[in-house]
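Asks: Pasting a structure here, questions to come.
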């Protein structure tokens, strides 16, 4: 338990049966009445962002989350297999649990999985991932008016827009935040 006055960015708390990470907090002293703490919170289960107000000095329950370095091994159907990099224990996660991050997973990719009391809350991917292009069209002559792009299919099946000079079997960097081409590898 911590005091609501001590809420800082990055702290994880439990409130209303959910687990939140504090994104921002402000201590407010209105002209009349007691001081309050306004906090902007991210729900770690759903990803939604909410704003909550706490009375100053109220105790808030902390949530102790653990982050484990894991390596993606392989997938079979909608099941994804990961190995703990410290004790070599393997876990399997369903595609619905992983969500949109599944399109970035390739064999031997190291990720960080966030757990709360055995429940998987999320996954931290590297900022950029090296991917191989398995299929792309040839550049069309005269299609170079300004920053011309073409579709390229990556080894995971994801399709990204790349510049015309990129060819099949090249490796590129893809940003995991927006899923866009960054540069050649």
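Numbering (our numbering), first residue to last: 183 to 367.
Note that the Cβ used here is the ideal one computed from N, Cα and C, for glycine as well.
Using only CA atoms, which one of 225, 187, 306 lies nearest to residue 211?
Replies: Stepping through the chain shown from its first residue, residue 211 is reached at position 29. For residue 211, the nearest C-alpha among the options comes from 187.
Asks: Between the C-alpha atoms of residue 360 and residue 307, what's the straight-line distance to the nearest angstrom?
Replies: Residue numbering aside, residue 360 sits at position 178 when the chain shown is read from its first letter. Residue numbering aside, residue 307 sits at position 125 when the chain shown is read from its first letter. So the two alpha carbons sit approximately 12 Å from each other.
Asks: Report yes if the C-beta distance between residue 302 and residue 279 is below 7 Å; otherwise report no.
Replies: Here residue 302 refers to the residue found at position 120 when the chain shown is read from its first residue. Here residue 279 refers to the residue found at position 97 when the chain shown is read from its first residue. Cβ distance < 7 Å, so residue 302 and residue 279 count as in contact.
Asks: Can you tell me which of the three DSSP states residue 290 falls into?
Replies: As a position in the chain shown, residue 290 is number 108, starting the count at 1. Residue 290: coil per DSSP, three-state reduction.
Asks: Looking at residue 314: is its Cβ nearer than 7 Å to the Cβ of residue 353?
Replies: Along the chain shown, one-based indexing puts residue 314 at 132. Along the chain shown, one-based indexing puts residue 353 at 171. For residue 314 and residue 353, yes; Cβs fall inside 7 Å.
Asks: Starting from the C-beta of residue 363, find all residues in its chain whose C-beta is less than 7 Å away, skip the five residues before and the five after it, and write them out in chain order.
Replies: The residue given as residue 363 occupies position 181 in the chain shown. 342, 343, 344, 354, 356, listed in sequence order.
Asks: Between the region 253-263 and the region 233-243, can you find at least three pairs of beta-carbon atoms closer than 8 Å?
Replies: Contact fails: fewer than three Cβ-Cβ distances are below 8 Å.
Asks: Quick one: grab the DSSP three-state call for residue 230.
Replies: Residue numbering aside, residue 230 sits at position 48 when the chain shown is read from its first letter. Coil at residue 230, not helix or strand.
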